[in-house]
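Scroll down for the structure; my scribbles are underneath it.
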Amino acid sequence: MFTGIIEAVGEIKQITPKANALSLHIAPGKLDMSDVKIGDSIAVSGVCLTVTSLADNRFTVDVSDETLRCTHGLNSVHNLVNLEKAMRLSDRLGGHLVSGHVEGVGEVIQFEPVGENIRFVIKSPAALLKYITVKGSLTVNGVSLTVNQIDGDHLEINLIPHTLAETNLKHLKPGERVNLESDMLARYVARLMDVASPTLSK
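For the sequence shown, the UniProt record's numbering gives the first residue as 1, with consecutive numbering after it.
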């Protein structure tokens, strides 16, 4: 489980092909690796992955073909990735509850300065829209963000200077793709309503 508060920006230094998977060798940037061990979970641009090795100030994770099919940005050397270690039960929940299971890939429509901030507009896959609400939470490349406006399938977000400085979002451009995960609580509520609907209609 994660919070969507990014701890560091890392870089994919090497990719090793495996059967139905890729091994990513990632330089962790300023991420504190002193308490990380093999088997721990780290969110890599919003994707929950398991550490398989630690060496030479790098960590390695395996990404399956299925995960690569459903996500973006994990299959190129030198890509910058947002990193967050799994939360402890004692940690502050600074963002929102994030599972690290990417539900869809969105497209950047606008990325333009408004004063010191950035007006960030994403086109969302239709399947995610019922879980997204104005002033609700959305995870973009692993970053917990607040949706300010919704216009059809376009989601408008305001990026503040701190978020830009601490994540890889500052490098985005219109036309690029981003990993999206909707609010976990919204998904559970929607599922409960779907299950309850046949009973309520009787």
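Beta carbons are placed, not taken as given, at the ideal position from N, Cα and C, and that holds for glycine.
### Message
Would L24 and I38 qualify as a contact pair, given that the criterion is a beta-carbon distance under 8 Å?
### Response
Numbered from 1 along the sequence shown, position 24 holds the residue referred to as residue 24. Numbered from 1 along the sequence shown, position 38 holds the residue referred to as residue 38. No, these two residues do not count as a Cβ contact at 8 Å.
### Query
When burial is assigned at 16 or more other CB atoms within 10 Å of the CB, is T139 buried or exposed?
Here residue 139 refers to the residue found at position 139 of the sequence shown. When all chains shown are included, T139 counts as buried.
### Query
Who are D151's beta bridge partners in DSSP?
Translated into positions along the sequence shown, residue 151 becomes position 151. BP columns for D151 point to H154.
### Task
Can you grab the Cα-Cα spacing for the pair T50 / I118, in whole Å?
Position 50 of the sequence shown, counted from the first residue, corresponds to residue 50. Position 118 of the sequence shown, counted from the first residue, corresponds to residue 118. For T50 and I118, the distance between alpha carbons rounds to 33 Å.
### Query
Does the beta-carbon distance from H154 to V121 come in below 8 Å?
Counted from its first residue, the sequence shown places residue 154 at position 154. Counted from its first residue, the sequence shown places residue 121 at position 121. In this structure, V121 lies closer than 8 Å to H154 by Cβ.
### Message
Applying the 10 Å Cβ sphere with the 16-neighbour rule, what's the burial state of K85?
### Response
Counted from its first residue, the sequence shown places residue 85 at position 85. Label assigned to K85: buried.
### Message
So, for V63: in the same chain, excluding its five sequence neighbours on each side, which residues have a beta-carbon less than 7 Å away from its beta-carbon?
### Response
Here residue 63 refers to the residue found at position 63 of the sequence shown. Cβ neighbours of V63 beyond the five flanking positions: A21, L22, L24, L49, L74.
### Query
Would DSSP call N79 helix, strand or coil?
Taking the first residue of the sequence shown as position 1, residue 79 is located at position 79. In this structure, N79 counts as coil in the three-state DSSP scheme.
### Query
Comparing alpha-carbon positions, which option in G100, V178, T16, E156 lies nearest V47?
For the purposes of this step, residue 47 is taken as residue 47 along the sequence shown, with counting starting at 1. Minimum Cα distance to V47 is reached at G100.
### Task
Can you tell me the Cβ-Cβ gap for A127 and G106, rounded? I've got them flagged as a contact below 8 Å.
In the sequence shown, the residue the question calls residue 127 occupies position 127. In the sequence shown, the residue the question calls residue 106 occupies position 106. Rounded, the Cβ-Cβ distance is 11 Å, inconsistent with contact.
### Task
Run the CB neighbour count on A43, radius 10 Å, all protein chains shown included, and call it buried at 16 or more, exposed below.
Residue mapping note: residue 43 aligns to position 43 of the sequence shown, counting from 1. It is buried - the Cβ of A43 has at least 16 other Cβ atoms within 10 Å.
### Query
When the Cβ atoms of the stretch 179–195 are set against those of the stretch 133–150, are three or more pairs found closer than 8 Å?
yes
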